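What follows is a short report on a single structure.
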Amino acid sequence: RPPSRPRILLKAPTLAEMEEMNISEEEESP
Amino acid sequence: HPVNIPRREKDFQGMLEYKKEDELKLVKNLILELKPRGVAVNLIPGLPAYILFMCLRHADYVNDDQKVRTLLTSSINSIKKILKKRGDDFETVSFWLANTCRFLHCLKQYSGDEAFMKHNTPKQNEHTLSNFDLAEYRQVISDLAIQIYQQLIKCMENILQPMIVSGMLEHETIQGVSGVKPTGLRKRTSSIADEGTYTLDSILRQLSAFHSTMCQHGTDPELIKQVVKQQFYIIGAVTLNNLLLRKDMCSWSKGMQIRYNVSQLEEWLRDKGLMTCGAKETLEPLIQAAQLLQVKKKTDEDAEAICSMCQALTTAQIVKVLNLYTPVNEFEERVSVAFIRTIQTRLRDRCESPQLLMDTKMIYPVTFPFSPSSLALETIQIPSSLNLGFLTRV
């Protein structure tokens, strides 16, 4: 990686949002 | 015949390649089905964290942001799931607290942020994340670590709670000072606890077990200090609250017993090198209550001495102890009402809570000071017992 190239900031959900995503994925899966 | 040329360790870049479709298997074998008392007992401390980080490094290296996100989300959700399932098992919670903290330190140490690179070797600096800044995910991991810490504290308190009153107040270990019952009969003293009774030794053994487990898991020493401080707080608070509600605990001899027990707890701290963690200071209200049970309580000079001695007790607590104070024999008098009024007058300008009991639900805020690792990622080998053969060392 060229030192001059900045890293891309990955936006993150909050912990609570992650849990909600997880719950809705579990509900959707059979 | 094809020749298998083993790669030298210095050729490895400290990453672990995996296929997207193997992500579920990764979190299942590394997190959901890993037993701290099973294969994990032989792992180097923090190995699950290092493995996750090395997988993350590869996803970052190949510039796959989706892979990075799903790995982080799956890992976090899996840790939460296992803690929901086995959250009352101290070993499980301690194991995942240590690994979550190690993962957080790795995210910082290899972030490329100069503030976290001061102790890195040149090789470690080569292993910084290539493409993505994960500062926001670090915050999520930090929040997760706080939750796990609070769960650990509750777990330990549930184990310690039944031992405290028995071990700190009821069980008498000092021969000859148990005094005389109000009926005039000498109480039976015994250095051997009745079956089912907790002693101070029970408490000390439990504290040692907690400490040993946290050390084995590679918990940061700074975090262990905070845990021990919290443990001592709960021991002191529960003991004091019980004393404040029981007349039979407010005597000169009980004061003596409490001071002895506190000295044993201090000895335990000394033995573990934890004298500076702030734990002893949390016992100050209890220490002062024990001293109050033993000092003279008659004259104005006595009142002045008590007021300057009991800085860690509230007026309500001092007055309660004095009201409950029970003389050991018929020659000693109870504390006079006039004396108690003198104390109250002297303390009337204090700005303090009118609360009598200490808050046993209080948890000190926790911090996770950055603690870089000297471990070289390229040297890490994965034991076959983890069933992670689908990961490729890169």
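In order, the protein sequence lines correspond to chains W and Y.
Each position in the first sequence, counted from 1, maps to that position plus 61 in this note's numbering.
Each position in the second sequence, counted from 1, maps to that position plus 13 in this note's numbering.
Just so it is clear, CB atoms sit at the ideal spot from N, CA and C, and this is done for glycine as well.
As the structure is a prediction and not an experimental result, all values here were calculated from the model.
Pairing D233/Y with S387/Y gives a Cβ-Cβ distance that is not under 8 Å. The Cβ atoms of I319/Y and I353/Y lie no closer than 8 Å to each other. Contact annotation: in the stretch 145-163 of chain Y, residues whose CB is within less than 8 Å of a CB in chain W are F145, D146, L147, A148, E149, Y150, Q152, V153, D156, L157, Q160.
For chain W, none of the residues of the stretch 25-57 of chain Y brings a beta carbon within less than 8 Å of one of its beta carbons. Contact note: E80/W reaches chain Y through N90, K93, using a C-beta cutoff of 8 Å and chain order. With fewer than 16 other Cβ atoms from the protein chains shown falling within 10 Å of its own Cβ, D261/Y counts as exposed. With a beta-carbon spacing of about 6 Å, M322/Y and Q304/Y fall inside the 8 Å limit used to define contacts.
Beta-bridge analysis with DSSP links D146/Y to L70/W. Ranking V75/Y, V251/Y, V153/Y, R115/Y by CA distance to the CA of T373/Y puts V251/Y first. Under the Cβ distance rule, G125/Y counts among the residues neighbouring chain W, one pair being separated by less than 8 Å. Using a CB distance cut-off of 8 Å, D78/Y counts as an interface residue toward chain W. Annotated three-state conformation of R99/Y is coil, per DSSP. Annotated three-state conformation of E30/Y is strand, per DSSP. Using a CB distance cut-off of 8 Å, V81/Y counts as an interface residue toward chain W. Interface flag for L110/Y against chain W is unset, since no Cβ pair is found closer than 8 Å. Under the Cβ distance rule, L369/Y does not count among the residues neighbouring chain W, no pair being separated by less than 8 Å. Separation of R151/Y and A316/Y (C-alpha to C-alpha, rounded to the nearest whole angstrom) is 54 Å. Contact holds between the stretch 68-81 of chain Y and the stretch 26-41 of chain Y, because three or more Cβ pairs, one in each stretch, are under 8 Å apart. Taking 7 Å as the cut-off between beta carbons, none of the residues of the stretch 230-255 of chain Y comes near chain W. Sorting V16/Y, F103/Y, K33/Y by C-alpha distance to the C-alpha of H230/Y places F103/Y at the top. Taking 8 Å as the upper bound for CB-CB distance, M181/Y and L213/Y are in contact here, some 7 Å apart. Neighbours of T380/Y across chain W, judged by C-beta separation under 7 Å, do not exist; the nearest C-beta is about 18 Å away.
Neighbours of L142/Y in chain W, taken as residues at a C-beta separation under 7 Å, are given in chain order as R68. Take the alpha-carbon of E314/Y and the one of P367/Y: they are about 25 Å apart.
Here P58/Y is buried, its C-beta having at least 16 other C-beta atoms within 10 Å.
E294/Y and A158/Y have their C-alpha atoms some 26 Å from each other. Comparing C-alpha distances from H184/Y to each of Q324/Y, M269/Y, E297/Y shows the shortest one belongs to M269/Y. Distances from the CA of P378/Y to each of K333/Y, T105/Y, Q239/Y were compared; the closest alpha carbon is that of Q239/Y. For M181/Y, there is no enclosing alpha helix (DSSP H), as DSSP gives it neither H nor E. For K242/Y, the enclosing alpha helix (DSSP H) starts and ends at 234-256. Between S91/Y and L45/Y, the gap from beta carbon to beta carbon is short of 8 Å.
In the displayed model, R50/Y falls within coil according to three-state DSSP, outside both helix and strand. DSSP places S386/Y in no alpha helix (DSSP H); its state is neither H nor E. The straight-line gap separating the alpha-carbon atoms of R283/Y and L257/Y is approximately 29 Å. K267/Y counts as buried, since at least 16 other C-beta atoms from the protein chains shown sit within 10 angstroms of its C-beta.
Put simply, the CB of T339/Y is far from chain W, with every gap to its CB atoms at 8 Å or more.
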